[in-house]
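Since the structure comes first, as structure tokens, the remarks are kept for the end.
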Amino acid sequence: MIDLHTHSTASDGTDSPARLVEVAARAGIATLAITDHDTTSGWAEASDAAGRFGVGLVRGAEISAIARTTGWGTGVHLLAYLHDPAHPDLLVETERTRADRESRARRMVDLLAEDFPITWDDLLAQTKPGTTLGRPHLADALVAAGVVRDRDEAFATILRPGTKYYVGHYAPDAVAAVRAVRAAGGVPVFAHPGADARGRIVPDSTIEELAAAGLAGLEVDHRDHTPDTRRRLREVAESLDLLVTGSSDFHGAGKQNRIGENTTDPGVLEAIAAQGALEVLR
Numbered sequence: 013m014i015d016l017h018t019h020s021t022a023s024d025g026t027d028s029p030a031r032l033v034e035v036a037a038r039a040g041i042a043t044l045a046i047t048d049h050d051t052t053s054g055w056a057e058a059s060d061a062a063g064r065f066g067v068g069l070v071r072g073a074e075i076s077a078i079a080r081t082t083g084w085g086t087g088v089h090l091l092a093y094l095h096d097p098a099h100p101d102l103l104v105e106t107e108r109t110r111a112d113r114e115s116r117a118r119r120m121v122d123l124l125a126e127d128f129p130i131t132w133d134d135l136l137a138q139t140k141p142g143t144t145l146g147r148p149h150l151a152d153a154l155v156a157a158g159v160v161r162d163r164d165e166a167f168a169t170i171l172r173p174g175t176k177y178y179v180g181h182y183a184p185d186a187v188a189a190v191r192a193v194r195a196a197g198g199v200p201v202f203a204h205p206g207a208d209a210r211g212r213i214v215p216d217s218t219i220e221e222l223a224a225a226g227l228a229g230l231e232v233d234h235r236d237h238t239p240d241t242r243r244r245l246r247e248v249a250e251s252l253d254l255l256v257t258g259s260s261d262f263h264g265a266g267k268q269n270r271i272g273e274n275t276t277d278p279g280v281l282e283a284i285a286a287q288g289a290l291e292v293l294r
């Protein structure tokens with residue numbers, strides 16, 4: 013089994029990078045991608061664990077971006093695989109995003125503190141040093157304070173867009189992000205492009221624009237996609253000669269997603285490996 017979208021405590025997962033690899037090994041995953049939000053800080057630990065547990069490792073990241081082609085800013089997440097983590101085109105953008113995520117988290121804590129027993133220290137208690145901060149950590153702080161039962165309840169109520177507590181954060185233009193991933197030698201795949209339950213999704217014309225900029229594939233098999241959405245995205249991928257991947261988007265205990273619940277064909281993994289600047293660790 014090949015699972016190309018998972019998260020560790022380097023961003024909003026609940027398992028350390030080493031524990032993530034161990035969980036994958038116990039689940040029978042042959043090749044795993046670690047794709048934390050806007051960071052590669054978990055790579056070294058995951059790489060060491062992959063050698064110990066005999067799991068192939070694709071080093072990657074999930075890049076936050078915004079598509080503005082429709083006049084509205086629509087969030088786009090790009091899975092960047094096998095890129096040079098020190099390449100300036102991409103590093104500048106991810107560092108800016110991470111910095112803005114922290115200032116955004118501080119603003120949201122201040123807003124939440126007006127109505128709930130939440131402090132900045134409460135948020136930090138839900139993270140590890142170097143973690144990419146995000147709403148999941150705010151949700152965990154609300155759970156720890158007894159305000160909500162779990163992350164899902166926090167996201168459905170207090171932390172959803174449109175509430176007085178929600179604050180946006182910087183993200184690069186999606187076309188520019190695709191080009192930056194390619195400039196860094198990476199392979200960009202559009203994560204959960206049809207997950208309309210999360211909010212607005214981009215039209216097919218935006219996928220066409222991203223493909224023209226260098227997009228390599230679409231993550232089609234994902235738990236947030238209905239069967240009809242998967243069929244439509246496969247048709248889009250075929251028409252644009254894009255790779256089709258499947259992944260779990262595993263976050264440990266942070267989400268209900270089960271590791272390996274959606275997987276990628278071995279031939280697609282080899283096509284990704286052939287395009288990347290880094291090798292797949294096997």
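Here our numbering is used: the first residue of the sequence shown is 13, the next is one more, and so on.
Idealized CB from N, CA, C, for every residue including glycine.
Contacts around residue i, its chain only, beta-carbon distance under 6 Å, and the 5 residues preceding and following it disregarded
i             : result
valine 33     : Ala58, Ala61, Ala62, Phe65, Val67
glycine 54    : Ser20, Ala22, Pro29, Ile46, Asp48
arginine 172  : none
histidine 89  : Glu74, Ala203
valine 214    : Ala79, Thr86
alanine 117   : Leu145
histidine 149 : Leu135, Gln138, Thr139
valine 160    : Leu154, Ala166
For residue i, three-class secondary structure by DSSP
i              : result
glycine 264    : helix
proline 97     : coil
leucine 245    : helix
isoleucine 213 : coil
glutamate 231  : strand
proline 141    : coil
isoleucine 219 : helix
threonine 257  : strand
alanine 192    : helix
valine 88      : strand
aspartate 236  : coil
aspartate 164  : helix
aspartate 24   : coil
threonine 293  : The sequence given here has leucine at residue 293, not threonine. The answer is strand: DSSP assigns leucine 293 an E or B state.
Cα-Cα separation, residue i to residue j
i              : j                 : result
alanine 196    : phenylalanine 167 : 33 Å
aspartate 277  : isoleucine 75     : 23 Å
alanine 285    : arginine 235      : 25 Å
proline 239    : glutamate 231     : 13 Å
alanine 137    : alanine 153       : 8 Å
histidine 263  : arginine 108      : 24 Å
valine 201     : arginine 119      : 31 Å
valine 35      : methionine 13     : 13 Å
aspartate 216  : proline 129       : 43 Å
lysine 176     : alanine 225       : 36 Å
isoleucine 170 : glycine 180       : 14 Å
valine 155     : histidine 99      : 38 Å
leucine 69     : threonine 43      : 6 Å
aspartate 96   : alanine 289       : 7 Å
threonine 52   : glycine 40        : 24 Å
leucine 281    : glutamate 291     : 11 Å
glutamate 273  : threonine 26      : 18 Å
glutamate 250  : threonine 106     : 30 Å
tyrosine 182   : aspartate 101     : 16 Å
aspartate 122  : threonine 131     : 8 Å
valine 187     : threonine 218     : 9 Å
leucine 124    : tryptophan 84     : 27 Å
Extent of the continuous alpha helix (DSSP H) to which residue i belongs
i              : result
aspartate 127  : No alpha helix (DSSP H) holds aspartate 127; DSSP gives it neither H nor E.
isoleucine 284 : 278-287
histidine 149  : 147-156
proline 200    : First-last for proline 200: 199-202, but that is the beta strand (DSSP E), not the alpha helix (DSSP H).
aspartate 60   : 55-65
valine 179     : No alpha helix (DSSP H) holds valine 179; DSSP gives it neither H nor E.
threonine 33   : Rather than threonine, the amino acid found at residue 33 in this sequence is valine. Unbroken alpha helix (DSSP H) run through valine 33: 29-38.
Neighbourhood of residue i by C-beta distance below 8 Å, restricted to the same chain and skipping five residues each side
i             : result
histidine 237 : His204, Gly206, Ala207, Leu245
tyrosine 178  : Met120, Leu171, Arg172
Classification of residue i by the beta-carbon crowding that lies within 10 angstroms, buried from 16 upward
i             : result
glutamate 158 : This sequence places glycine at residue 158; glutamate is not what is there. Exposed: under 16 other Cβ atoms inside 10 Å.
valine 248    : buried
arginine 147  : buried
proline 184   : buried
aspartate 233 : buried
serine 7      : Residue coverage of the chain in this structure runs from 13 to 294, which leaves residue 7 outside it and unanswerable.
alanine 77    : buried
arginine 113  : buried
valine 199    : buried
alanine 72    : Here residue 72 turns out to be glycine, not alanine, going by the sequence shown. Per the 10 Å Cβ criterion, buried.
arginine 110  : buried
Delimiting residues of the beta strand (DSSP E) encompassing residue i
i           : result
arginine 71 : 68-79
leucine 16  : 14-18
leucine 44  : 43-49
Cutoff 7 Å: residue i Cβ touching any chain B Cβ
i           : result
alanine 286 : Of the protein chains in the structure, only one exists, and it is not chain B.
Other residues of its chain near residue i: CB distance less than 7 Å, five sequence neighbours each side excluded
i             : result
glutamate 220 : Leu252
valine 256    : Gly229, Leu230, Val232, Arg246, Ala249, Val280
alanine 223   : Leu252, Leu254
arginine 294  : Gly68
alanine 283   : Leu255
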